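The next block holds one structure in the form of structure tokens; read it before the comments.
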Amino acid sequence: MKQIRRKHAGNRIVELFQAYLLNHAHGLFSSLGRLTRTPFTSAMTVLVLAIAVSLASSFYIVVANVQQLTGNLESSNQMSLFLHEGITDAVGQKLLEQLRQNPSVAEVKYISKKQALEEFKANSGFSDALNALERNPLPSVIQVLPKNALENSDDIEKLMADFKQLPQVEFVQVDMQWVARLQTIMLIASRGVALVSLLLGFAVTFITGNTIRLELQNRQDEVFISKLVGATHAFIQRPFLYTGFWLGFISGFLGWLIVTVMLLILESPVEKLSTLYNSSFELLFLSFSEFLLLLTISASLAVVGSWAVLHYQLRQLKPQ
1056 MKQIRRKHAG
1066 NRIVELFQAY
1076 LLNHAHGLFS
1086 SLGRLTRTPF
1096 TSAMTVLVLA
1106 IAVSLASSFY
1116 IVVANVQQLT
1126 GNLESSNQMS
1136 LFLHEGITDA
1146 VGQKLLEQLR
1156 QNPSVAEVKY
1166 ISKKQALEEF
1176 KANSGFSDAL
1186 NALERNPLPS
1196 VIQVLPKNAL
1206 ENSDDIEKLM
1216 ADFKQLPQVE
1226 FVQVDMQWVA
1236 RLQTIMLIAS
1246 RGVALVSLLL
1256 GFAVTFITGN
1266 TIRLELQNRQ
1276 DEVFISKLVG
1286 ATHAFIQRPF
1296 LYTGFWLGFI
1306 SGFLGWLIVT
1316 VMLLILESPV
1326 EKLSTLYNSS
1336 FELLFLSFSE
1346 FLLLLTISAS
1356 LAVVGSWAVL
1366 HYQLRQLKPQ
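So in the numbering used here, spot 149 of the sequence shown is number 1204, and the numbers just go up one at a time.
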């Protein structure tokens, strides 16, 4: 007898769960069908939301591409070790091998006085004037590229101090000031994007909430009847929440599509410009995980806006 009761109880739970899923599935697809019955109004709302989403995404991807363009500190921390005038190439090469053994150094390159003069002639345009000089005034130079781990300015300065102690080195040059400025600019840009995205997120929430408020007013009679027959607020809210979900989801997809189309339009001229500068820069697009995150955030903001309006409005609507 107990086994029969347990079996009936188990069947009852399964039936309730199936009914729960069917109820939600009906609310999900019926809300989408209701949007299609007002195509112009729905399209205008979705388009406005999609523009807001695409603006936030555009700012994000622009900063991501600029960060890729500027690169990391690996190429910015290159040091130039200017050797004393009397240092010969043999001594310079010996120092080069010594620096190569340093665990904090990734690459080293020796530029002799003769090479330095030839490069200066080629790049300065003063070759005739330099030919008139009786002796080569340029020193030998060793270019040192620290390892990636040295991304802290304190580590770079410590390494510079070690190099300055070398007897063959006259002085060490590395321009860290512009790197600090660039990092500050990128920090400001990143925070600016976060703030703008936050404002646009509020816009998505408020626009969706206002749309659901108008939809609720148009369906007041339906809500009154549902309340009279004992429907809970959760049951009444369900189709409206799914409407908000569809508005946010479709807007997120269209926002991603707008950003992708803009990047595709810009991709060819950007690659051409990159080639002119002998660079291999390629535009970054939103990855698949970022695309899914965009859809999730857009849909979530729309649902939150819908729920906030419904939570307030349903308490105000009372059958007469």
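Cβ coordinates follow ideal geometry from the N, Cα and C atoms, glycine included. Nothing here was measured: the structure is a model prediction, and the numbers come from that model.
Closest Cα partner of residue i within the set the options
i                  : options                               : result
phenylalanine 1290 : Leu1319, Gln1122, Glu1270 and Leu1369 : Leu1369
glutamate 1221     : Leu1242, Ile1197 and Leu1237          : Note on residue identity: the sequence assigns leucine, not glutamate, to residue 1221. Ranking the options by Cα distance to leucine 1221, first place goes to Ile1197.
tyrosine 1165      : Asp1209, Leu1138 and Gln1156          : Leu1138
glutamine 1156     : Met1134, Val1199 and Ile1116          : Val1199
valine 1108        : Asp1217, Leu1076 and Leu1255          : Leu1255
alanine 1111       : Leu1253, Glu1277 and Leu1331          : Leu1253
leucine 1124       : Val1224, Val1278 and Ser1329          : Ser1329
glutamine 1122     : Phe1226, Thr1239 and Asn1265          : Thr1239
tryptophan 1301    : Thr1351, Lys1169 and Leu1193          : Thr1351
Reduced DSSP category for residue i - H, G, I as helix; E, B as strand; rest coil
i                  : result
serine 1135        : strand
alanine 1244       : helix
asparagine 1127    : No answer about asparagine 1127 holds up, because its pLDDT of 49 lies below 50 and its placement is not dependable.
lysine 1164        : strand
leucine 1341       : coil
serine 1113        : helix
leucine 1356       : helix
phenylalanine 1336 : coil
proline 1094       : helix
isoleucine 1197    : strand
glutamate 1225     : strand
serine 1159        : coil
arginine 1293      : helix
glutamate 1021     : This structure cannot settle anything about residue 1021, because the visible part of the chain is limited to 1056 through 1375.
alanine 1286       : coil
arginine 1274      : coil
glutamine 1220     : coil
lysine 1149        : helix
valine 1364        : helix
lysine 1213        : helix
Buried/exposed call for residue i, threshold 16 Cβ in 10 Å
i                  : result
phenylalanine 1095 : exposed
valine 1314        : buried
methionine 1134    : buried
glutamine 1073     : exposed
proline 1324       : exposed
isoleucine 1068    : exposed
serine 1195        : buried
isoleucine 1142    : buried
isoleucine 1320    : exposed
leucine 1076       : exposed
arginine 1293      : buried
serine 1334        : exposed
glutamate 1277     : exposed
Contact under 7 Å by Cβ, residue i with residue j
i               : j                  : result
valine 1101     : serine 1306        : yes
alanine 1357    : glycine 1299       : yes
valine 1359     : arginine 1268      : no
serine 1154     : valine 1224        : It should be pointed out that residue 1154 corresponds to leucine in this sequence rather than to serine. Not in contact: leucine 1154 and valine 1224 (Cβ atoms no closer than 7 Å).
serine 1361     : phenylalanine 1295 : yes
lysine 1202     : alanine 1161       : yes
valine 1248     : phenylalanine 1346 : no
leucine 1172    : leucine 1151       : no
serine 1086     : tyrosine 1297      : yes
valine 1227     : phenylalanine 1218 : yes
isoleucine 1211 : leucine 1104       : no
The ligand MN heavy atom lying under 6 Å from the CB of residue i
i               : result
isoleucine 1280 : In the structure shown, the ligand MN is absent, as is every other ligand, since no ligand is present at all.
Counting Cβ pairs closer than 8 Å, one from the segment 1269–1284 and one from the segment 1333–1340, do we hit at least three?
Touching, no, given that fewer than three Cβ pairs across the two stretches are closer than 8 Å.
* Does the segment 1159–1174 come within contact of the segment 1135–1151, defined as at least 3 CB pairs closer than 8 Å? -> Touching, yes, given that three or more Cβ pairs across the two stretches are closer than 8 Å.
Open item on the list: Does the segment 1114–1123 come into contact with the segment 1242–1251, if we say contact requires no fewer than three beta-carbon pairs (one atom in each stretch) closer than 8 Å?
Closed with: Counting Cβ pairs under 8 Å, three or more are found: they touch.
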